[in-house]
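So the structure is just underneath, and the comments pick up after that.
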Amino acid sequence: MINATLLAVVARVTTPIILCASGGLYCQIAGTPNITLEGAMLTAAFAGVAGSYYTGSALIGLLCAVAASLLINIFFGFLHLKLGGEGTITGFAINSLALGLTTFLLRSMFHVTGTLIDDRIIGLPKYSIPILKDIPIIQQLFTNHTFCTYFSWIFIILTYIIFYKTKYGMNMRACGENPTAASAVGVSVMAVRWSTILISGVMSGLAGAQISLGYLSMFSENMTSGRGFIALAAIMLSGGRPIAMFVAALLFGVAEGLSNQAQLTEVSSHLILSLPYLMVIIVLLLQPEQIKAFKQRLQQMKG
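Given below as structure tokens:
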């Protein structure tokens with residue numbers, strides 16, 4: 006059935022976006038917006054494939070992906086928090102570095118250009134959840150997915166609890182809204198912000214591993230294809246709310262799932278593949294702040 010197939014596709018393609026965005030949400034709340042999501046995810050995707058290729062273990066590949074993403078995020082934290090570099094400029098610089106570095110390592114380590122496909126790359130195992138996999142219609146959400154997919158849903162619930170039910174979540178919000186006041190009551194703003202960067206690193210690592218080891222067990226140059234920036238858009242739309250971020254990520258996932266199915270039609274493939282990114286632009290433009298600003302400009306023009 007088309008609906009069941011679409012559910013399976015959406016569950017698969019939204020996993021890296023949800024993982025990456027949920028980790029980046031911690032940084033956003035703590036007042037350290039993390040622009041390196043794309044670069045961290047791409048580096049993790051390469052490291053995951055390399056680890057799996059050389060060891061024959063999907064688990065080691067997953068750990069390599071997380072370690073590589075952590076290094077990228079620690080580097081960002083060092084430049085931004087320690088040296089005082091501007092976060093946006095630093096983040097985009099690291100993203101560019103990650104793209105060039107993974108391209109260089111792909112060609113120097115594996116002597117291939119474009120795409121690495123090899124039987125020695127072991128992908129992440131797939132699991133089905135008993136009972137839930139037998140429920141009609143939604144069964145595809147719980148059938149033949151990786152650990153990362155199921156964990157992404159669980160982590161959203163954990164994030165909600167952490168944000169609104171724990172002292173750590175309260176400290177995060179305080180550091181983002183008024184760091185001076187947070188510091189005055191004994192909260193280590195720097196420690197909280199470093200912890201959120203590390204959380205983002207772990208989640209971006211899982212997202213990268215899902216892309217390169219959870220999909221097709223391969224790596225290609227720039228294979229994240231802007232998913233890190235889509236995750237940033239989901240964070241922006243969420244207003245700091247985990248559930249809203251999850252819904253935004255699902256919207257983009259549905260757009261990508263529809264684009265995958267639409268490729269079977271006679272519509273131009275280039276137009277179809279642009280659907281997820283068009284969705285990002287449309288949703289961002291429909292934000293209340295953007296609509297209000299547009300109305301103000303119209304009034305100014307009339308005046």
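Position in the sequence shown (first residue = 1) + 5 = the working numbering. C-beta atoms are modelled at their ideal positions from N, C-alpha and C, and glycine is treated no differently.
My output table needs one value for residue i: the three-state DSSP class, helix, strand or coil.
i: threonine 171; result: coil
i: serine 225; result: strand
i: leucine 311; result: Nothing about residue 311 can be read from this structure; the chain reaches only from 6 to 308.
i: threonine 148; result: coil
i: methionine 6; result: The predicted position of methionine 6 is uncertain, since its pLDDT is 42 and thus under 50; no value can be drawn from it.
i: asparagine 322; result: For residue 322 there is no data in the structure shown, the boundaries of the chain being 6 and 308.
i: alanine 214; result: helix
i: glycine 36; result: coil
i: isoleucine 202; result: helix
i: proline 21; result: helix
i: arginine 232; result: helix
i: serine 188; result: helix
i: threonine 164; result: helix
i: proline 247; result: helix
i: threonine 41; result: coil
i: isoleucine 136; result: coil
i: serine 193; result: coil
i: isoleucine 240; result: helix
i: isoleucine 142; result: coil
With DSSP as the reference, identify every bridge partner of residue i, one or two as the case may be.
i: leucine 104; result: DSSP lists no partner for leucine 104.
i: leucine 121; result: Phe224
State yes or no: is the C-beta of residue i within less than 9 Å of the C-beta of residue j?
i: alanine 49; j: serine 57; result: no
i: serine 209; j: cysteine 25; result: yes
i: leucine 211; j: serine 264; result: no
i: leucine 12; j: isoleucine 204; result: no
i: leucine 42; j: alanine 236; result: yes
i: threonine 151; j: lysine 170; result: no
i: threonine 229; j: methionine 114; result: no
i: isoleucine 1; j: leucine 88; result: The first residue shown for the chain is 6 and the last is 308, placing residue 1 beyond what the model contains.
i: valine 207; j: valine 71; result: yes
i: phenylalanine 81; j: threonine 95; result: yes
i: leucine 137; j: cysteine 153; result: no
i: alanine 239; j: isoleucine 22; result: yes
i: glycine 231; j: isoleucine 127; result: no
i: phenylalanine 234; j: serine 27; result: no
i: threonine 118; j: phenylalanine 51; result: no
Practice task
Would you list, in sequence order, the uninterrupted beta strand (DSSP E) runs of no fewer than 3 residues that lie entirely inside the stretch 48-119?
Solution key: none
Practice task
Would you be able to state if there are at least three C-beta pairs under 8 Å between the stretch 119-132 and the stretch 205-225?
Solution key: yes
Practice task
Decide if the stretch 170-189 is in contact with the stretch 249-258; the criterion is three or more beta carbon pairs, one per stretch, under 8 Å apart.
Solution key: no
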